[in-house]
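Undergrad:
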Amino acid sequence: MGNAARTLSGDIHLDPDDFPDEIDTASSEQGLSFIGRLRERERGLLNKIDGALKKIEDGDFGECENCGEDIGIKRLEARPVAELCIDCKAEQEKIERRAG
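So the number in the numbering used here is just where the residue sits in the sequence shown, counting from 1, plus 1493.
Here is the structure:
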């Protein structure tokens, strides 16, 4: 959580005068784009962690959001923010692959 919070709190800006040519500018913009995607992933993970903590408080942690069955302990150990049991997750991924 600490790494994710530090990633989200960084201040990024570009000063066009810092880059003498278009290649340097493009390279920097690509780097910023990557950092932006990383921040979005970290933000999403923090939201999932908050959701898992709320479920622990409510006594709902470890229940599949789709079928209501218990999520296996091995799955929760591997991915504590899992919201679906392995069967429902496999079915979700199969549907996503068909949709393209």
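No residue lacks a Cβ here, since even glycine has one placed at the ideal position from N, Cα and C.
What number of angstroms, rounded off, separates the C-alpha of Lys1541 from the C-alpha of Gly1561?
TA: Each residue's alpha carbon lies about 18 Å from the other.
Undergrad: Hey, how far is the Cα of Gly1552 from the Cα of Ser1520?
TA: Between Gly1552 and Ser1520, the C-alpha separation is close to 48 Å.
Undergrad: So for Asp1563, helix, strand or coil by DSSP?
TA: Three-state DSSP puts Asp1563 in a strand.
Undergrad: Going by DSSP, what residues sit across from Glu1556 in a beta bridge?
TA: In the DSSP output, where bridge partners are listed per residue, Glu1556 has Asp1563.
Undergrad: If I measure Cβ to Cβ from Val1437 and keep anything under 8 Å in the same chain, skipping five residues before and after, which residues do I get?
TA: Absent from the model: residue 1437. The displayed extent of the chain is 1494 to 1593, so no value can be given.
Undergrad: Closest by CA to Glu1570, which one among Gly1555, Arg1534 and Lys1587?
TA: Comparing Cα-Cα distances from Glu1570 to each of Gly1555, Arg1534 and Lys1587, the minimum goes to Gly1555.
Undergrad: Buried or exposed: which applies to Ile1564, given that a residue is buried once 16 or more other Cβ atoms fall within 10 Å of its Cβ?
TA: Under this definition Ile1564 is a buried residue.
Undergrad: Taking only three categories from DSSP, how would you classify Gly1524?
TA: Helix, per DSSP.
Undergrad: Looking only at C-alpha atoms, which of Arg1568, Leu1577 and Glu1550 sits nearest to Asn1559?
TA: Residue Leu1577 is the option with its Cα nearest to Asn1559.
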